[in-house]
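Student: I am attaching a structure below and will ask some questions about it afterwards.
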Amino acid sequence: MTGKKGTGRKSCAQYIEKRLCLEGKKAYYLPFNNVIHGVNADISKFKNEFTTKEHFRRLSEIVNILTDAGLIVLITIQDKNNNQYRKLLSNDIIEITIENKNYEKYYEIVANEID
443 MTGKKGTGRK SCAQYIEKRL CLEGKKAYYL PFNNVIHGVN ADISKFKNEF TTKEHFRRLS
503 EIVNILTDAG LIVLITIQDK NNNQYRKLLS NDIIEITIEN KNYEKYYEIV ANEID
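Terminal number for the sequence shown in this note's numbering: 557, no gaps in between.
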């Protein structure tokens, strides 16, 4: 899920995760910031081309492990134009650009794609 700051993409991801889980689907919202400040704590203080690529590489490894285990993984990234995550994720991607807080609309998009 991509979108500008303040569009509610994190809350939307949480909403979709909850709805999918209530339907019996295995879903997990993985905030990119949690990866940066958790798994990537060793490199998060540096900001350069290498660390940016490494952030995405690590994120993609985590996502691939979770999807291989059968989970639907929701991630939020602010920069829609950053294509690095597309190159690294080997599983199916549903990309949604969040423009407003109409969470039900975005849930329907995801639900239709995964069914």
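For glycine and all other residues, C-beta sits at the position ideal for the given N, C-alpha and C.
1. Decide if F492 is buried, meaning its Cβ has at least 16 other Cβ atoms within 10 Å, or exposed.
2. Would you kindly check if the distance between the Cβ of V481 and the Cβ of R461 is under 7 Å?
3. Which stretch, first to last residue, makes up the beta strand (DSSP E) that contains L513?
4. With DSSP run on the structure shown, which of helix, strand or coil describes I535?
5. Could you give the DSSP three-state label for T580: helix, strand or coil?
6. For the alpha helix (DSSP H) that contains A483, what are its first and last residues?
7. DSSP three-state call for T494: helix, strand or coil?
8. Based on the DSSP secondary-structure assignment, which residues constitute the bridge partners of L501?
Tutor: Answer, in terms of the structure:
1. exposed
2. no
3. Looking at the DSSP string, L513 is not in any beta strand (DSSP E), and its letter there is neither H nor E.
4. coil
5. Nothing about residue 580 can be reported from this structure: the residues present for the chain run from 443 to 557 only.
6. Taken as a continuous stretch (DSSP letters only), A483 belongs to no alpha helix (DSSP H), as it is neither H nor E.
7. helix
8. Answer is none; L501 lacks a bridge partner.
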